[in-house]
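Below you'll find the structure, written out as structure tokens, and then a few comments.
In my numbering, the protein residues as written are 22 to 165.
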């Protein structure tokens, strides 16, 4: 093989490796992964406030998933689809609430997986959710 082609192959290989590292790093920073999340849950809310796609889902303050989809069904009925760690076991009495950020407009979904004594959540079952009132709304009520 000609020396000229060896240099082109080396440069091309380095460019492809650099592109792969860039794409992989971008996905990692975004929180995406190459493995599929096994557990998907649907939560019903009457109002979601400012919850958006890609907001984090936490259990006991630990991130365990993210919001995948927000679907408006009817007034007072909004379905939120979340992906969770496969190891997280949801029970029939699981609940969720939305907590708004204090200084930002960002929200996160707080998930209570349920009590250990409860039966497991059936596939396709919908979890009931509620919207936590923010600090400013509570202050407005106190002022009234």
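Built from N, CA and C at the ideal position, the CB exists for glycine as well. Please read these numbers as outputs of a predicted model, since none were measured by experiment.
Q.
Taking the straight line between their C-alpha atoms, what separation do you get for residue 74 and residue 151?
A. Residue 74 sits at position 53 when you count from the first residue of the chain shown. Residue 151 sits at position 130 when you count from the first residue of the chain shown. Rounded to the nearest angstrom, the two C-alpha atoms are 17 Å apart.
request  = Have a look at 49, 36, 107, 91 and flag the residue whose alpha-carbon is nearest the alpha-carbon of residue 68.
outcome  = Walking along the chain shown from the start, residue 68 turns up at place 47. Per the Cα distances, 91.
Report task. Alpha carbon to alpha carbon, how far is residue 39 from residue 32? Give it in angstroms, no decimals. Result -> As a working mapping, residue 32 is identified with position 11 in the chain shown. As a working mapping, residue 39 is identified with position 18 in the chain shown. Cα to Cα, residue 32 sits roughly 10 Å from residue 39.
Relative to the alpha-carbon of residue 103, which residue among 145, 141, 136, 49 has its alpha-carbon at the smallest distance?
Numbered from its first residue, the chain shown carries residue 103 at position 82. Here the closest residue by C-alpha is 145.
For residue 112, which residues in the same chain have their Cβ closer than 8 Å to its Cβ, ignoring the five residues on either side in sequence? Within the chain shown, numbered from 1, the residue matching residue 112 stands at position 91. Around residue 112: 134, 135, 136, 137, 139, 140, 141, 142.
- Task: My understanding is that residue 117 touches residue 132, with C-beta atoms under 8 Å, so please give their C-beta distance in whole angstroms.
- Result: Taking the first residue of the chain shown as 1, we reach residue 117 at position 96. Taking the first residue of the chain shown as 1, we reach residue 132 at position 111. That pair is a contact at about 5 Å.
Exercise. Name the two residues that bound the continuous beta strand (DSSP E) containing residue 95.
Key: Taking the first residue of the chain shown as 1, we reach residue 95 at position 74. Counting along the chain, the beta strand (DSSP E) containing residue 95 begins and ends at 83-95.
**Asked** Near residue 77, which residues of its chain fall below 7 Å by C-beta distance, leaving aside the five closest residues on each side in sequence?
**Response** One-based indexing of the chain shown puts residue 77 at position 56. For residue 77, where only same-chain residues beyond five positions count, the Cβ hits under 7 Å are 84, 87, 129.
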